[in-house]
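Below is one structure, written out as structure tokens; comments come after it.
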Amino acid sequence: MLRNHLEWRKKYQVADLTDDWKPIEVLQKCYPVGIIGEDKSGSPVWLIRHGKLDIRGILQAVTIEEFVRYTVWMLEKSARIMERQSMKLGIDVSKQTIIFDLEHWSFQDLVFKPGMDVAMELIKIFEANYPEAMGYTFVINTPKFFQMAYSLLKPILSETTLSKIKIHGYDKSIWTSDILGVVPAEVLPKALGGRAVDPDGNEWCESLVPGGGPIPEYYKTGSESFGDEEEYKFDDDVMSTFL
Numbered sequence: 001m002l003r004n005h006l007e008w009r010k011k012y013q014v015a016d017l018t019d020d021w022k023p024i025e026v027l028q029k030c031y032p033v034g035i036i037g038e039d040k041s042g043s044p045v046w047l048i049r050h051g052k053l054d055i056r057g058i059l060q061a062v063t064i065e066e067f068v069r070y071t072v073w074m075l076e077k078s079a080r081i082m083e084r085q086s087m088k089l090g091i092d093v094s095k096q097t098i099i100f101d102l103e104h105w106s107f108q109d110l111v112f113k114p115g116m117d118v119a120m121e122l123i124k125i126f127e128a129n130y131p132e133a134m135g136y137t138f139v140i141n142t143p144k145f146f147q148m149a150y151s152l153l154k155p156i157l158s159e160t161t162l163s164k165i166k167i168h169g170y171d172k173s174i175w176t177s178d179i180l181g182v183v184p185a186e187v188l189p190k191a192l193g194g195r196a197v198d199p200d201g202n203e204w205c206e207s208l209v210p211g212g213g214p215i216p217e218y219y220k221t222g223s224e225s226f227g228d229e230e231e232y233k234f235d236d237d238v239m240s241t242f243l
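For the sequence shown, full-length UniProt numbering gives the first residue as 1, with consecutive numbering after it.
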């Protein structure tokens, strides 16, 4: 296990992913993921607006390895924050809270095979190399077909990880109450039922978490184009169950 971990760190040059590392611009500006503050225990709170991620556009602008490496950089950044918080507060801060928002996520996004492959690779990396870093995880605004994706991901998630995931549909009153039990209202963006806004009034706190959306054409390298062969094929019985 240690050997695999060291090989993984070498593959992605993790030692170089310090606070001074310069991310690729399109990821920094268009990947809708970021830390919005601290939860009630002092742990970092991540907001992942997955429904606003243009994964097709991203993969026309960067390679899969570049995308994965950027995500690993964010995980390393979070680990450094938790280490500093532990020293500052005099307690063990080793877990992070995650809010995973699927609003605007489409079925076309689900069946885009390169996107699913990336998601599964990232989950495997997290499970193998950051197994204890996951705290409360809220998955909100889940469409019916989310269960199709979940059925693929569950086999690679540990029981410990699965026990930390809370899945919610579109009832904002329910999931806001759940999240506010862990995240202070002054940290949670107003768009999600909290009180946090940007200085310019943006209710999504896009100064902390990019708004996502379609990737501008000038970022795309033109090296990737995707057709029907890039669609993930679900079994007919799975399709009939969840659609």
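Every residue, glycine too, gets a C-beta built ideally from N, C-alpha and C.
None of these values were measured; they are calculated from a predicted model.
Counting every other CB atom within 10 Å of its CB across the protein chains shown gives W21 a total below 16, marking it as exposed. Counting only residues of its own chain and dropping the five nearest sequence neighbours on each side, I165 has a CB closer than 7 angstroms to the CB of T137 and V139.
Bounds of any alpha helix (DSSP H) do not take in F145, whose DSSP letter is neither H nor E. C-alpha of V68 to C-alpha of S41: approximately 29 angstroms in a straight line. Around the CB of D54, 16 or more other CB atoms lie within 10 Å, so the residue is classed as buried. Boundaries of the beta strand (DSSP E) around D101: Q96 to D101. Cβ neighbours of L152 within its own chain (closer than 8 angstroms, five residues either side excluded): M116 and M120. Beta-carbon to beta-carbon, P210 and P23 are separated by about 11 angstroms, too far to satisfy the 8 angstroms threshold.
In the DSSP annotation of this structure, the continuous segment of the alpha helix (DSSP H) that includes Y70 starts and ends at I64 to L89.
In this structure, I35 places its C-beta atom within 9 angstroms of the C-beta atom of S78. Relative to S163, the option among L59, F112, P184 and G135 whose CA is nearest is G135. DSSP places W21 outside both helix and strand once states are collapsed to three, so it counts as coil. Contact between I215 and I58 holds: CB atoms are separated by about 6 angstroms, below the 8 angstroms threshold. Per DSSP, the continuous beta strand (DSSP E) segment holding F138 begins and ends at M134 to I140. Taking C-beta separations shorter than 6 angstroms and ignoring five residues to either side along the sequence, the partners of V93 in its chain run G42, S43, M82, Q85 and S86, following chain order.
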